[in-house]
Amino acid sequence: MGLLVLGSFGQSWTNTLLPTGVTGHWYAELWQDPSFRKAFGNSLVVALSACAIDALLALPLAYALYHGARRGGGMAARLVSAMPVAVPAITLGFGYLLVFNTDALPWLGSTPLLVAAHAIATLPYLTNALLTDLRHLGLERLEQAAATLGAGEWQRFTGIVLPSLRQSLLSGLVMVAALSIGEFNFSNLLAGFQNRTYPVVLLQAFYGATGFACAATVVLLLLAGIAALLSSTVFRKSP
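Given below as structure tokens:
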């Protein structure tokens with residue numbers, strides 16, 4: 381990463397250990413490149429859309445898995461935890477490529493398919509974060525007390541569970557956004573020319589000037605670093 385930062389400010393880097401010269405025009409050129417600006421916007425749209433979908437799905441899913449595990453159905457929770465490892469993103473990408481490149485489902489290259497793929501790939505990470513928090517909080521006593529006072533399941537979920545999961549939900553969504561913005565494998569397979577994400581366009585930069593490619597990569601690293609900082613500090617310290 382240090383070499384990438386050096387290369388992004390180097391005037392030239394050809395057949396030498398370190399770049400020569402100092403310049404900032406690679407970042408100016410990156411900002412002026414319309415394809416990178418559009419790809420950056422596409423990545424933000426896809427990431428924010430995936431966050432919204434995951435928030436709607438992960439909260440009830442984690443809640444159901446938590447209570448299912450307490451009733452002896454822990455296998456479902458373990459399957460969700462293992463999904464990111466057991467089903468790699470590139471495997472999902474090839475599956476989407478086969479299913480959605482047909483006359484019946486001609487959605488390959490569309491933004492909705494890309495958003496759905498990102499949401500499905502990142503959903504286990506957010507669900508696991510919420511499940512872990514539910515296990516440590518031990519909300520069953522509060523829920524039982526609320527139930528004895530006549531609160532229904534929906535009232536217990538919205539009045540006890542949701543406020544208690546606020547911090548883990550926020551930090552988990554930041555993690556989802558970081559994973560989505562940096563995802564390349566199935567994005568490269570599914571994205572059309574008009575909705576390419578930032579990592580997909582970034583690959584093309586390495587066929588040109590080294591300094592430009594380094595600057596484009598540093599921007600992606602900064603986004604990931606900021607997301608990690610927010611996830612590990614700011615939201616964890618929120619009241």
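In terms of my numbering, the sequence shown has 552 at position 172, counting the first letter as 1, and numbering is strictly consecutive. Even for Gly, the Cβ is constructed at its ideal location relative to N, Cα and C.
- Item | Every unbroken beta strand (DSSP E) within the stretch 389 to 427, with a cutoff of 3 residues, ordered by chain | 390 to 392 and 400 to 402
- Query: Under 9 Å between the Cβ atoms of L569 and G473?
  - Reply: Numbered from its first residue, the sequence shown carries residue 569 at position 189. Numbered from its first residue, the sequence shown carries residue 473 at position 93. Contact: yes.
- Query: Which word fits Q477, buried or exposed, when buried means at least 16 other C-beta atoms lie within 10 angstroms of its C-beta?
  - Reply: Within the sequence shown, residue 477 is the residue found at index 97, counting from 1. For the record, residue 477 in the displayed sequence is Leu; it is not Gln. Its Cβ having fewer than 16 others within 10 Å, L477 is exposed.
- Task: Tell me, please, whether the stretch 533 to 553 touches the stretch 590 to 599 by the rule of three or more beta-carbon pairs shorter than 8 Å.
- Result: no
- Under the rule that 16 or more other beta-carbon atoms within 10 Å means buried, what is P414, buried or exposed? Locating residue 414 in the sequence shown gives position 34, counting from the first residue. When all chains shown are included, P414 counts as exposed.
- Task: Whole angstroms is fine: what's the gap from P619's alpha carbon to L517's?
- Result: Along the sequence shown, one-based indexing puts residue 619 at 239. Along the sequence shown, one-based indexing puts residue 517 at 137. In this prediction, P619 scores a pLDDT of 47, lower than 50, which makes its location untrustworthy; no coordinate-derived value is stated.
- Item | Given V599 as reference, the closest of A419, W487, L485 and D513 once Cα atoms are compared | Walking along the sequence shown from the start, residue 599 turns up at place 219. Closest by alpha carbon: A419.
- Query: What distance in whole Å lies between the Cβ atoms of A527 and G562, which are believed to be in contact at a cut-off of 8 Å?
  - Reply: One-based indexing of the sequence shown puts residue 562 at position 182. One-based indexing of the sequence shown puts residue 527 at position 147. Contact doesn't hold; Cβ gap of about 43 Å is too wide.
- Item | Alpha-carbon to alpha-carbon, A499 and A509 | For the purposes of this step, residue 509 is identified with residue 129 of the sequence shown, where counting begins at 1. For the purposes of this step, residue 499 is identified with residue 119 of the sequence shown, where counting begins at 1. Distance between the alpha carbons of A509 and A499 is about 15 Å.
- Message: With the cut-off set at 9 Å, would you say F416 and T403 are in Cβ contact?
- Response: The residue labelled residue 416 in the question sits at position 36 within the sequence shown. The residue labelled residue 403 in the question sits at position 23 within the sequence shown. Taking 9 Å as the Cβ cut-off, F416 and T403 do not qualify as a contacting pair.
- Query: Which residue's Cα is closest to the Cα of H447: A571, V581 and L511?
  - Reply: Position 67 of the sequence shown, counting from 1, holds the residue named residue 447. Checked all of A571, V581 and L511; the closest Cα to H447 is L511.
- F537 vs P399 beta-carbon contact at 9 Å: Translated into the one-based positions of the sequence shown, residue 537 becomes position 157. Translated into the one-based positions of the sequence shown, residue 399 becomes position 19. The answer is no: Cβ separation not under 9 Å.
- Whole-number beta carbon distance between S567 and P579, since they are thought to touch under 8 Å: Mapped onto the sequence shown, residue 579 falls at position 199. Mapped onto the sequence shown, residue 567 falls at position 187. At roughly 6 Å, the Cβ-Cβ gap stays under 8 Å, so P579 and S567 are in contact.
- Neighbourhood of N565 by C-beta, 8 Å cutoff - its chain only, sequence neighbours within 5 removed: Within the sequence shown, residue 565 is the residue found at index 185, counting from 1. Taken in chain order, the residues that qualify are P468, A469, I470 and G473.
- Item | Closest by C-alpha distance to A427, when choosing among L503, T597, V541 and Q535 | By 1-based counting over the sequence shown, the position of residue 427 is 47. Closest option to A427, Cα to Cα, is L503.
- What does G489 pair with, by DSSP beta-bridge criteria? In the sequence shown, residue 489 corresponds to position 109, counting from 1. G489 pairs with A571.
- Item | Of the residues G382, M381 and Y407, the one placed nearest Q391, counting alpha carbons only | Sequence index remark: in the sequence shown, residue 391 carries index 11 (1-based). Looking at the Cα atoms, Y407 is the closest of the given residues.
- Just reading off the alpha helix (DSSP H) that E533 is part of, what are its end residues? Stepping through the sequence shown from its first residue, residue 533 is reached at position 153. Note, E533: alpha helix (DSSP H), E533 to R536.
- Item | Beta-ladder partner(s) of N481, from DSSP | As a position in the sequence shown, residue 481 is number 101, starting the count at 1. The partner list for N481 (beta bridge, DSSP) reads P486.
- Query: Going by beta carbon distance, what residues of the same chain come within less than 8 Å of Q535, once the five residues before and after it are set aside?
  - Reply: Position 155 of the sequence shown holds residue 535. So the list reads A526, once near-sequence residues are dropped.
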